[in-house]
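**Q**
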Amino acid sequence: MDHSPSPWGVRAAAGVAAAAALSLFGALGNYSDTSLAASQYRDPYHVMPRVEALATALGDVPAEATVGYFSDVPFSDPSGSAAFFATQYAAAPHLLIEARPGARADWWIGGFSRPVDYPAEAAAHGLSFVRDLGGGMALFRGAYLQSSRNEEAH
Amino acid sequence: MPGVLILLLATAAGWLAVSSSGACRGLRPRWAACLLEATFGAAIGPGSVSALFFALQWAGLDARTAAWAALLIPAVAATAFFYLREPIAVAEFPTPPDWRWSRLCASAFALALVLFLAGFSTAASANPQGDWDAWAIWNLRARFLAGPGTWHNAVSAELSRTHPEYPLLWSGVIGQAWAAAGDAGNPTVPIAAAVLVSTAAPLLLAASLAVLHSSAAGWLAALILVSSAAWWRQSQALYADVPLSFLILATLAAAALAQARNWHAPALVLSGLLASLAAWTKNEGMLFFVLCALAVTWAARSQSLPWLAGALPVASLTAAFKLFLAPPARLFDPALLADAGRAFQVLNGLSAGVAGLGPWAANPILLAVLLIIAVGLRRPVNTPWLLVPPVALLAGGAVVLWGTTNDLAWQIGTTRERLLIQVLPALLLGLCLHLRLPPQPLSAPAPAGTQPRRRK
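Top line first, the protein sequences correspond to chains Y and P. Going by numbering that gives the first Met the number 0, the first residue of the first sequence is number 0, and it counts up by one from there. Going by numbering that gives the first Met the number 0, the first residue of the second sequence is number 0, and it counts up by one from there.
1) Excluding sequence positions up to five away, which residues of its chain have a Cβ less than 8 angstroms from the Cβ of residue 55(P)?
2) Helix, strand or coil, according to DSSP, for residue 80(P) in the structure here?
3) Any C-beta of chain Y within less than 9 angstroms: which residues of the segment 355-367 of chain P qualify?
4) Look up residue 444(P) in the DSSP assignment and say whether it is helix, strand or coil.
5) Does the beta carbon of residue 459(P) sit closer than 7 angstroms to a beta carbon anywhere in chain Y?
6) Count the CB pairs spanning the segment 216-233 of chain P and the segment 145-160 of chain P that are closer than 8 angstroms, and state whether there are at least three.
7) Along the chain, where does the beta strand (DSSP E) that runs through residue 94(Y) open and close?
8) Using DSSP with H/G/I as helix, E/B as strand and the rest coil, what is residue 30(Y)?
9) On the premise that residue 28(P) lies in contact with residue 505(P), defined as a C-beta separation below 8 angstroms, what is that separation, rounded to the nearest angstrom?
10) Consider the Cβ of residue 197(P): report whether some Cβ of chain Y lies at a distance smaller than 7 angstroms.
11) Note the first and the last residue of the continuous beta strand (DSSP E) segment covering residue 140(Y).
12) My parser needs the alpha helix (DSSP H) runs of 4 or more residues fully inside the segment 119-146 of chain P; what are they?
13) Could you check the C-alpha separation between residue 343(P) and residue 31(P) for me, to the nearest Å?
14) Which of helix, strand or coil does DSSP assign to residue 143(Y)?
15) So if DSSP puts residue 131(Y) in a beta bridge, which residue, or which two residues, is it bridged to?
16) The segment 170-186 of chain P: which residues have C-beta closer than 7 angstroms to a C-beta of chain Y, in chain order?
17) List the whole-angstrom C-beta distance separating residue 369(P) from residue 14(Y), where the pair is believed to meet the contact cut-off of C-beta under 8 angstroms.
18) Checking contacts by CB at 7 angstroms: is residue 391(P) closer than that to chain Y?
19) What does the alpha-carbon distance come out to for the pair residue 60(P) and residue 138(P)?
20) Under three-state DSSP, which class holds residue 6(P)?
21) List the endpoints of the continuous alpha helix (DSSP H) containing residue 65(Y).
22) Identify, in the order they occur along the chain, each residue of the same chain with its Cβ nearer than 7 angstroms to the Cβ of residue 281(P), setting aside the five sequence neighbours on each side.
23) Using the three-state DSSP reduction, which class does residue 86(Y) fall into: helix, strand or coil?
24) Identify the continuous beta strand (DSSP E) that holds residue 501(P) and give its terminal residues.
25) Going by beta carbon distance, what residues of the same chain come within less than 6 angstroms of residue 207(P), once the five residues before and after it are set aside?
26) Using a 10 Å radius around the Cβ and a threshold of 16 neighbouring Cβ atoms, would you call residue 85(P) buried or exposed?
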């Protein structure tokens with residue numbers, strides 16, 4: 000009886016071995032790429048610092064309150080939209096809304112890309128300054144946000 | 000850590016429920032049957048708890064009470080069912096034949112899985128918040144669901160830029176664990192949940208193919224999946240697309256197991272429940288649910304009623320959510336379908352997406368084609384209908400891209416890999432089921448239990 004492997008058996012074994020070897024090669028490459036990416040890109044949108052900053056800072060703001068957000072960086076700017084969404088996540092379960100004409104909220108978070116005088120900013124927007132939240136953010140109180148002459152409300 | 004334990008408890012409840020149902024009873028090899036019960040449990044446990052958690056909050060319970068009720072009710076019910084059920088005698092499924100190199104394939108998969116988990120750990124350490132959609136959409140809404148009386152924020156029209164109309168399975172899985180543990184925002188929960196589904200999916204793929212085809216085919220398919228660069232990226236992103244792909248795979252695997260045993264009712268009920276959980280996950284899941292319902296109804300005819308019964312509870316919740324809660328969203332304009340140039344742009348984009356699933360030497364689609372060429376296809380084939388739902392879902396996704404109201408180039412770039420990942424495990428299941436069986440000649444009949452259903 001001929002016990003030599005059939006042509007199909009040899010082809011199948013070769014195909015399976017090739018698929019397995021190439022898959023493992025791919026997995027090794029993925030690990031290398033992942034390690035490189037992890038070393039180069041750590042929280043590129045600064046989400047976790049905002050989460051830490053707001054973890055307890057909004058303790059006296061009722062959870063069901065609507066909180067508005069304004070910034071000196073326009074939403075149309077990628078860094079401005081990233082800052083808004085990151086702050087929206089960090090502020091949850093409070094619902095953070097964008098500042099827009101007619102927007103009403105009882106509380107406001109201001110995000111600033113440069114050091115500013117928070118009480119002066121509050122006055123410029125028709126709000127009252129509550130406290131510094133750290134990370135360029137501050138908490139304000141007021142029902143209605145007036146646009147500042149010196150910045151674009153988004 | 001408490002949130003992770005809550006997640007594991009939900010998984011254990013799902014495992015008990017699957018074991019009690021008898022959906023996997025009598026399957027062979029035994030290790031595959033056990034693995035199927037565990038991985039199906041990882042799908043229906045957290046998913047069902049998520050659906051119940053949302054429903055209870057909608058009914059008026061506070062988050063913490065709803066979170067514990069959503070966990071304890073199914074856990075107690077599953078435990079009671081497990082101990083009180085009368086075991087139903089089920090004919091043993093014949094053990095499929097296998098190749099000699101099955102254990103080598105299993106070893107290769109184990110090595111790839113270790114690399115995958117090591118890579119996941121590295122990525123999670125650097126970016127515990129995940130990629131953009133993870134914190135801007137899914138985990139944001141999880142925080143609303145976990146907060147005191149704030150669940151309705153998850154469907155607020157104020158979230159117009161981040162899809163408030165999306166179903167809430169994945170946000171509910173994470174939000175329920177956060178609420179029960181009293182630790183909302185802890186990044187270990189979404190990370191653990193992502194690890195759970197991204198490892199359960201290849202294990203489910205391996206186990207289902209081991210039962211329906213051969214252990215070697217199962218381990219090979221799982222190896223191809225877990226080695227895919229796109230699977231790594233999407234798993235580490237912490238989005239809802241890998242959970243959806245897991246549910247799609249589980250739905251079709253359960254349906255295939257049902258068909259192999261003359262439309263075994265418990266497996267059909269399981270498949271229907273899984274399909275409804277897919278609908279509760281993303282809008283694409285809703286399309287998949289409809290496609291799968293049509294496919295199963297066509298394949299099983301009058302025997303498809305158990306599938307519909309299994310789907311009814313969560314499908315009803317999803318329908319009610321869409322009708323009464325979800326804000327309207329205008330994401331699609333049929334008038335744009337008249338532009339053929341957009342269609343070519345979509346096809347080009349999807350082609351690039353297929354190429355991007357991995358480097359050419361390790362592209363999962365090319366590797367699957369390599370296997371088909373090397374091993375050959377078996378005849379007769381009796382499960383081609385299994386490939387219809389994932390392929391149709393891909394086609395449906397392409398049509399949605401064609402008519403998207405967003406910038407087309409941007410939408411294609413952000414969507415194509417996620418759309419392909421949603422169907423990749425199911426496509427691997429469908430393709431590998433049709434590989435030639437070992438070690439039979441081409442014209443040999445299929446093994447017992449896999450005979451084509453004779454039309455009456």
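From the three backbone atoms N, C-alpha and C, an ideal C-beta is built for every residue, glycine too. What you are looking at is a predicted structure, and each value in this text was computed from that prediction instead of being measured.
**A** For this structure:
1) Apart from the 5 residues on each side of it in sequence, residue 55(P) sits with its Cβ closer than 8 angstroms to the Cβ of 64, 65, 68 and 69 in its chain, given in chain order.
2) helix
3) 357, 358, 360, 361, 362, 363, 365, 366 and 367
4) Note that residue 444(P) has pLDDT 43, beneath the 50 cutoff, so the model's placement of it is unreliable and no number is given.
5) With chain P represented from 0 up to 455, any question about residue 459(P) goes unanswered, as that position is not in the structure.
6) Note that the segment 216-233 of chain P does not touch the segment 145-160 of chain P; fewer than 3 beta-carbon pairs, one per stretch, sit closer than 8 angstroms.
7) 94-97
8) Look at residue 30(Y) here: in three-state DSSP terms it is helix.
9) Residue 505(P) is absent from the structure shown; chain P starts at 0 and stops at 455.
10) No - not a single Cβ of chain Y is within 7 angstroms of the one on residue 197(P).
11) 136-140
12) 138-145
13) 43 angstroms
14) strand
15) 137(Y)
16) Within the segment 170-186 of chain P, the residues whose Cβ lies closer than 7 angstroms to any Cβ of chain Y are, in chain order, 184.
17) The C-beta separation of residue 369(P) from residue 14(Y) comes to about 6 angstroms, placing the pair in contact by the 8 angstroms criterion.
18) no
19) 21 angstroms
20) If DSSP states are grouped into helix, strand and coil, residue 6(P) belongs with the helices.
21) Counting along the chain, no alpha helix (DSSP H) covers residue 65(Y); the unbroken beta strand (DSSP E) around it starts and ends at 65-70.
22) So the qualifying residues of the chain are 165, 166, 239 and 243.
23) helix
24) This structure leaves residue 501(P) out entirely; chain P is present only between 0 and 455.
25) 252
26) exposed
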